[in-house]
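Shown next, in structure tokens, is the structure this report addresses.
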Amino acid sequence: MKRFAIRPLAQHATGVFVAVLLLLGIGIQDATAQFEQKSMDVGELHQVYNESGGNQEFWASGNDFDWPGIYQRGYFRAGALWIGAENVTDENGREYPARVVHVGPRVTGAGVFLPQEFETIQQFEDPSVTVDGLETLDRAADVDQVDPNIPAHRIIRAQVNTLLGVTLEKRILGWGQEHHGNYHIHEYTLTNTGNVDSDGEAELDQPLEDVYLHFQRRWTMSDRASIPGQEWGANVMNDIVGDGMDDYDVDFRAAYTWIGNSPGFDIDPLGGPARDSGPFFIPEGQDEGELTLGVTVGTVTLDATPSTADDTDGDPVPPFQPSMTGYIDADDPLTSTNSPFNETQMQDEYRFMSQARENDGPHMFPHHADVVDQDGDFTTADGSPMLEKPGGWTSAFSYGPYDLDIGESATVVIAMAADGLNQQEQVEVGRAFKASDFDPEANIEIDYINARGERINPDVQQGKNDWAVTATRDSLFATFERAIANYESGYNIPLPPPPPTSFSVTSGVGEISLEWTADSDPAGGFEIYRSANDVRGDWRSVNQSEGGVNFGAYQYERIAELDGSARSFTDNTAQRGINYYYYILSVGDVNNDGTGLTPTGKPLRSSRYWTQTYNPASLARPPGDAVSDFKIVPNPYNLGSDPEIRFPDDDEKLGFLDIPGNSVIRIYTELGELVQTIRHDDGSGDEFWNLATDDRQLVVSGVYIAVVEDLETGDQSTKKFVIIR
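Numbering that gives the first Met the number 0 numbers the first residue of the sequence shown as 0 and each following residue consecutively.
Have a look at this one:
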């Protein structure tokens, strides 16, 4: 499977870049070193992982944590992973009261974390997906081996030696099953091998005392938020459940995060509602009040080797993991210039990761969210989540302590997850909030089924903030429960039928053809979904598969339900001048297996991301009978006109219709200056221009001349058109 290409760090302004690195305490060598990366994108949650085991901030590509993956939202800023121990002697005989090795939040771990193995294992080969004969996705899954017997659809496995002498083995498991696709399970095994480099030989032979595995999760919640500063996570709220510090009605231990208040914001900001007054990152015409942040993210503990700490009588302490929970200023000195040779700072780091704050115990309380909002329900936009720290706060938690003799191991299993309101629900809630003149307490009625399959009646008295905060939190908690149930079942959840082995979409004259191959006929057949105008889904007009309601939201429309023996479909309802995106699902029989809290009584479907097309197909018209018949649409082109008059997939687009199938279009200014030459040779009667010159500069307002030449006959035809900006 593939996805959008990761964009490299900008190469310009080198001097400024180096200066910023130095200000942040990031070494130039650290900033340019990069571990290999692999993508987990088989379900709705997409994340790129690197072979070090953690994720560094700032330069590091892949910290996206997209949910749903098609939206490319980017909720994750950095994922620090530290391993520390007390009374350590290195291979040169130097003694450390405490030694910590680090990946992130602002160090790469290069030269400290030493990758040994990194591979992707998958249950089946990636389907071949093409549009007009070209592979449509541009980020390879890089599958190293296919094993139909693995317990997940995809597993990413990494093995890394560290300067501490601890070898870390990490497995990330992901499922393309619609009820288990929004979390990834991470298995971490720490083994005292004594190997501090990559030569395969053990340099150390010492027991390690009080080993901790420490995480810091810095969330941004969205790079599309309508809240200033949210792109670096300044306004997030961090909370902990199940740490024994408060009475929670849950049976798990988790850290979770959502978007909070933004001081000075002109309307109540919870949920990140888009509005007319200059919404950040919201495309023009899409400001109907949509909630851009109707999601909650977090990490839940599934398992952890019991700690080896003793009570006063020498008996083992019952496990209570994570053993430390809390939060840290994203710009705290402990988050920068981390080095496994800085003895003084490592002692401070170890003190933080093992006991949080001196004299206050290992679990920080009140939690960050409690300090911000002392009312406790978090549905009022009171107080600043920044707590006078402009960078915001990062969630932190640790597992341990573990005493590891040579060859001994400790294992920690967690799940990272996202859930909340889907796009339809975010739009419905946001539009009602906008219609109420932005009253956060105004009752909003939508027909909502939460992640547990429970229906919330439309007449429930619930305001915008209850939907944005409480409903999203409850959905995340339901996802946590599913992840736990999956783990406890031994990863034995029911799986949908495999996707088609290939899927091809071909543009044509008058129709778009879809063909696929499959190793077997799924019991429930195939379903085909289509979007016009945008790969994320059609914004302007959507016909829901249930209810027939039209509204503005990124959605795909189900256009076909086919028998399991079908291997082709002709889309003859497409319209000319519009780009289309597709995916096909294999549908199973009715599922009666509730393992892992999987809903029963309805079929399971393969993941859309196996067959999603990321390049457009379009409908072509037959070539014109005579070159003189060609048309220019729209004419005049007026950027200030109703978008529906222009092509809905692209405002900067002009169409030349009914042209010869083998022709050339030359565009001139009224003074006769050549602006653009377009070669048209696909046999259709359509060609489009992006209103740019040969030098890729947008043309200005004025009168232009189009000359179309039929290369078969040599005939030419000239017509004028007007552009108004």
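In this text, a Cβ means the ideal position worked out from N, Cα and C, and glycines have one as well. None of these values were measured; they are calculated from a predicted model.
Counting the other Cβ atoms within 10 Å of the Cβ of residue 371 gives 16 or more, which makes it buried. In the DSSP assignment, residue 298 falls within the unbroken beta strand (DSSP E) covering 294–303. DSSP, read as helix, strand or coil, puts residue 234 in coil. Counted as a single uninterrupted DSSP element, the stretch harbouring residue 715 is not any alpha helix (DSSP H) but the beta strand (DSSP E) occupying residues 715–723. Comparing C-alpha distances from residue 401 to each of 65, 85, 507 shows the shortest one belongs to 85. Rounded to the nearest angstrom, the Cβ distance from residue 79 to residue 215 is 4 angstroms, consistent with a contact under 8 angstroms. Counting along the chain, residue 526 sits inside the beta strand (DSSP E) bounded by residues 525–531.
Taking a contact to require three or more Cβ pairs closer than 8 angstroms, the region 634–641 and the region 666–685 do not qualify as touching. As for any beta strand (DSSP E) of minimum length 3 sitting wholly inside the region 312–379, the runs are 323–328, ordered along the chain. C-alpha of residue 207 to C-alpha of residue 96: approximately 12 angstroms in a straight line.
Linking residue 185 to residue 74 through their CA atoms gives a straight-line distance of about 18 angstroms.
If you draw a straight line from the Cα of residue 399 to the Cα of residue 202, it comes to about 24 angstroms. Residue 395 sits buried, since 16 or more C-beta atoms from the chains shown fall within 10 Å of its C-beta.
Residue environment: residue 192 is assigned as buried (16 or more neighbouring CB atoms within 10 Å of its CB, all protein chains considered).
Counting of Cβ neighbours within 10 angstroms places residue 246 among the exposed residues, the total staying below 16. For residue 692, the closest C-alpha among the options 681, 675, 621 is that of 675.
Membership of residue 217 in the beta strand (DSSP E) is indicated by the continuous run 207–218. Residue state for residue 691 is assigned as strand, using DSSP reduced to three classes. Under the 10 Å beta carbon count, residue 404 is surrounded by fewer than 16 other beta carbons and is classified as exposed. In this model, residue 368 and residue 431 are separated by some 27 angstroms (Cα to Cα). From the listed residues 576, 570, 494, the smallest Cα separation to residue 582 is found for 570. Between residue 391 and residue 232, the C-beta spacing is below 9 angstroms. Annotation: residue 111 to residue 56 spans about 17 angstroms, alpha carbon to alpha carbon. Straight through space, the alpha carbons of residue 34 and residue 235 are spaced by roughly 28 angstroms. The beta-bridge partner set that DSSP reports for residue 590 consists of 601.
DSSP places residue 417 within a strand segment (E or B) once states are collapsed to three. Within the region 153–210, no run of alpha helix (DSSP H) at least 4 residues long lies entirely inside it.
Selection 607, 366, 411, 382 evaluated against residue 319 yields 411 as nearest (Cα-Cα). In terms of Cβ geometry, residue 377 and residue 266 do not form a close pair [threshold 9 angstroms]. Check the Cα spacing between residue 604 and each of 524, 565, 530: the tightest is with 524. Residue 512 carries a strand assignment under DSSP once its states are collapsed to helix, strand and coil.
Annotation for residue 402: the continuous beta strand (DSSP E) segment containing it runs 392–403.
Closest in alpha carbon position to residue 414, among 585, 181, 684, 680, is 181. In this structure, the alpha-carbon of residue 420 lies about 49 angstroms from that of residue 659. Residues of the same chain with a CB within less than 7 angstroms of the CB of residue 141, apart from the 5 flanking positions on each side, are 37, 119 in chain order. Nearest neighbour of residue 44 by Cα position, chosen from 64, 54, 51, 351, turns out to be 64.
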